[in-house]
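Colleague: The UniProt record's numbering puts the first residue of the sequence shown at 1, with every later residue one more than the last. Backbone N, C-alpha and C fix where the C-beta goes; we use that ideal spot for every residue, glycine too. Handing you a structure now.
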Amino acid sequence: MTLSMKDRILKRFLQAPGEPISGQALAEELGISRTAVWKHLQTLQEEGYTFETLKKKGYLLTNKLDKVDAASIASFLSTNRFGHTIHYLEECDSTQIIAHELAQNGAMDGTVVIAESQIRGKGRMSRPWESTKGKGIWMTVIIKPDVLPHQAPQFTLVAAVAIVNAIKSQCKNFTPTIKWPNDILINGRKCTGILTEMIAEVDRVQALLIGIGINVNQQRKDFPEELHSIATSLSIEEEGQLNRAELVAEILNNLEHYCDQYVSEGFSPIKKLWEEASGTIGKSIKATTLTEVIEGKAIGITEGGVLEIQLGNGDIKQIYSADIEL
Ligand code: BTN
Numbered sequence: 001m002t003l004s005m006k007d008r009i010l011k012r013f014l015q016a017p018g019e020p021i022s023g024q025a026l027a028e029e030l031g032i033s034r035t036a037v038w039k040h041l042q043t044l045q046e047e048g049y050t051f052e053t054l055k056k057k058g059y060l061l062t063n064k065l066d067k068v069d070a071a072s073i074a075s076f077l078s079t080n081r082f083g084h085t086i087h088y089l090e091e092c093d094s095t096q097i098i099a100h101e102l103a104q105n106g107a108m109d110g111t112v113v114i115a116e117s118q119i120r121g122k123g124r125m126s127r128p129w130e131s132t133k134g135k136g137i138w139m140t141v142i143i144k145p146d147v148l149p150h151q152a153p154q155f156t157l158v159a160a161v162a163i164v165n166a167i168k169s170q171c172k173n174f175t176p177t178i179k180w181p182n183d184i185l186i187n188g189r190k191c192t193g194i195l196t197e198m199i200a201e202v203d204r205v206q207a208l209l210i211g212i213g214i215n216v217n218q219q220r221k222d223f224p225e226e227l228h229s230i231a232t233s234l235s236i237e238e239e240g241q242l243n244r245a246e247l248v249a250e251i252l253n254n255l256e257h258y259c260d261q262y263v264s265e266g267f268s269p270i271k272k273l274w275e276e277a278s279g280t281i282g283k284s285i286k287a288t289t290l291t292e293v294i295e296g297k298a299i300g301i302t303e304g305g306v307l308e309i310q311l312g313n314g315d316i317k318q319i320y321s322a323d324i325e326l
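Written out as structure tokens, the structure is:
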């Protein structure tokens, strides 16, 4: 994991909440002097973290910051690769744009770009994506599976399964559902969007950019008026603040697991999990594609992640891309 020395010290404190750690122990563990430890703690204090010095026991972290920086995420991470390189930004145009550049310059599988806010967050179909500062998860994960370009859309479904399970592990007051292909809803309102972009040659995927936007700690007033009836946050539905860094780590833990499962066992196990979490399958829906409006019953997804709709006359239509109304 590529963490700076300051972040390695912070990670140690975050991993042992409420426990004092001695300067000597930290110095020995990290192979630096006690003065160097003290200097890093001073820098962390300047950033807003507070430490108390307890006689004979060491330093105690008494105030941590609500950030999604590398150290905060790393303290909850249990992956082999994903999240081992994290590019953390206070603000950027879009994490997708930065990830694109990194992917073209040899970024490793599982590299993460994450920001506290985005000025020009990108949604699907070139829509803007509202990315309120410090309230959500705005990140792009660069993945490099050895797959063909036509398999790329399945990774949106892999990501949806990873995110739904991560949300379920952190939130107990509701059950999120997946709306095909890539929205996660709570009680009919959207809390998460996924935007998968691909860098590829005709016969080879170079990298997939899995863009994940999750409304986490916004309150109703944080959303623009026009989104009130269609958007929500985990915090509104759970009725409490969530630890964003822990949720990011849980998503990365799951995403690595499901990407590896996809490579070793194929799409079938993911398809099953996706269908179990889906709020679309079995429902009467209206699908608006670029060329037509189709009404019918959503009966399932194909091995390729394509939605199948049964029309009134019994015919089955396959939908590759559409806006769905339930
Ligand atoms: C959608 O339209 O539902 C997809 C929204 C995807 C938003 C995320 S936020 C992080 C990443 N950076 C972006 O600019 N977009 C994606």
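Considering only their Cβ atoms, is the gap separating F174 from E238 smaller than 8 Å?
Modeller: In contact: E238 and F174 (Cβ atoms closer than 8 Å).
Colleague: Give the list of continuous alpha helix (DSSP H) stretches no shorter than 4 residues that lie fully inside the stretch 71–151.
Modeller: Here the runs fully enclosed are 95–104.
Colleague: Secondary structure at residue 327, three-state DSSP: helix, strand or coil?
Modeller: With the chain covering 1 to 326 only, the question about residue 327 has no answer from this structure.
Colleague: What's the call for R120, buried or exposed, on a 16-neighbour Cβ count within 10 Å?
Modeller: The residue in question, R120, is exposed, as its Cβ has fewer than 16 Cβ neighbours within 10 Å.
Colleague: Is it true that the CB of A249 sits closer than 8 Å to the CB of G83?
Modeller: A contact, by the Cβ cut-off of 8 Å.
Colleague: Taking 7 Å as the cut-off, is the beta-carbon of I212 closer than that to any non-hydrogen atom of the ligand BTN?
Modeller: Yes, the beta carbon of I212 sits closer than 7 Å to at least one heavy atom of the ligand BTN.
Colleague: Mind the definition here: the stretch 260–272 touches the stretch 123–134 only if three or more C-beta pairs lie below 8 Å; say whether that holds.
Modeller: No, the stretch 260–272 is not in contact with the stretch 123–134.
Colleague: Mind checking whether the beta-carbon of D222 lies closer than 7 Å to any heavy atom of the ligand BTN?
Modeller: Result no, Cβ not under 7 Å from the ligand BTN.
Colleague: Any heavy atom of the ligand BTN closer than 7 Å to the Cβ of K122?
Modeller: Answer for K122: yes, Cβ within range of the ligand BTN.
Colleague: Beta carbon of V216, beta carbon of V147: below 8 Å?
Modeller: Against a cut-off of 8 Å, the Cβ pair of V147 and V216 comes out as no contact.
Colleague: Taking C-beta to C-beta, are E275 and I301 nearer than 8 Å?
Modeller: For E275 and I301, yes; Cβs fall inside 8 Å.
Colleague: What residues in its chain sit with their C-beta under 6 Å from that of N253, if we drop five residues either side in the sequence?
Modeller: S78 and T79.
Colleague: Kindly indicate which three-state DSSP category G314 falls into: helix, strand or coil?
Modeller: Correct three-state label for G314: coil.
Colleague: How close, in whole Å, do the beta carbons of A74 and L3 come, if the pair is a contact with beta carbons under 8 Å?
Modeller: Yes, they are in contact, since the Cβ atoms of A74 and L3 sit about 6 Å apart, within 8 Å.
Colleague: Name, in chain order, the residues that DSSP records as bridge partners for A200.
Modeller: Bridge partners of A200: V205.
Colleague: Count the other C-beta atoms from every protein chain shown that fall within 10 angstroms of the C-beta of N165, then say buried if there are 16 or more, exposed otherwise.
Modeller: Counting Cβ neighbours within 10 Å, N165 comes out buried, since at least 16 surround it.
Colleague: My understanding is that E296 touches I309, with C-beta atoms under 8 Å, so please give their C-beta distance in whole angstroms.
Modeller: The residue asked about is misnamed: residue 296 is Gly in this sequence, not Glu. Correct: roughly 4 Å between the Cβ atoms.
Colleague: Using a threshold of 7 Å, is the CB atom of L195 nearer than that to any non-hydrogen atom of the ligand BTN?
Modeller: L195 Cβ: within cutoff of the ligand BTN.
Colleague: Quick check on N254: does DSSP put it in helix, strand or coil?
Modeller: Helix at N254.
Colleague: Just to confirm my understanding: we take A162, look at its own chain, exclude 5 residues before and 5 after, and list those with CB closer than 7 Å. What are they?
Modeller: Here the set comprises I251, N254, L255 and Y258.
Colleague: Beta-carbon within less than 7 Å of S321's beta-carbon, same chain only, minus the 5 sequence neighbours each way: which residues are those?
Modeller: The answer, listed in chain order, is T289.
Colleague: Would Q218 be called buried (16 or more neighbouring beta carbons within 10 Å of its own) or exposed?
Modeller: Per the 10 Å Cβ criterion, buried.
Colleague: How should V202 be labelled, buried or exposed, when 16 other C-beta atoms within 10 angstroms of its C-beta is the threshold for buried?
Modeller: By the neighbour-count rule (16 or more Cβ atoms within 10 Å), V202 is not buried but exposed.
Colleague: Taking the alpha-carbon positions, what's the C171 to K271 distance?
Modeller: Each residue's Cα considered, the two are about 23 Å apart.
Colleague: Could you check the C-alpha separation between S22 and E46 for me, to the nearest Å?
Modeller: Taking the straight line joining both Cα atoms gives about 20 Å.
Colleague: Indicate, with yes or no, if the ligand BTN has a heavy atom lying under 7 Å from the CB of N217.
Modeller: Answer for N217: no, Cβ out of range of the ligand BTN.
Colleague: For the ligand BTN, is there any heavy atom lying closer than 7 Å to the beta carbon of T232?
Modeller: T232 Cβ: outside cutoff for every heavy atom of the ligand BTN.
Colleague: Measure the C-alpha to C-alpha separation of P128 and R220 and round it to an integer number of angstroms.
Modeller: Approximately 19 Å, taken between the alpha carbons.
Colleague: Quick check on the DSSP output: what are the complete alpha helix (DSSP H) runs of length 4 or more inside the stretch 6–63, in order along the chain?
Modeller: Runs found: 23–30 and 34–47.
Colleague: Does the pairing of the stretch 225–242 with the stretch 178–190 give three or more beta-carbon distances under 8 Å?
Modeller: These segments touch.
Colleague: What's the C-alpha gap between A200 and A103?
Modeller: Approximately 11 Å between the Cα atoms of the pair.
Colleague: Any idea what DSSP makes of S4, helix, strand or coil?
Modeller: Correct three-state label for S4: coil.
Colleague: I want to know whether the stretch 89–101 touches the stretch 111–125 - three or more CB-CB distances under 8 Å.
Modeller: With the cut-off at 8 Å, the stretch 89–101 and the stretch 111–125 touch.
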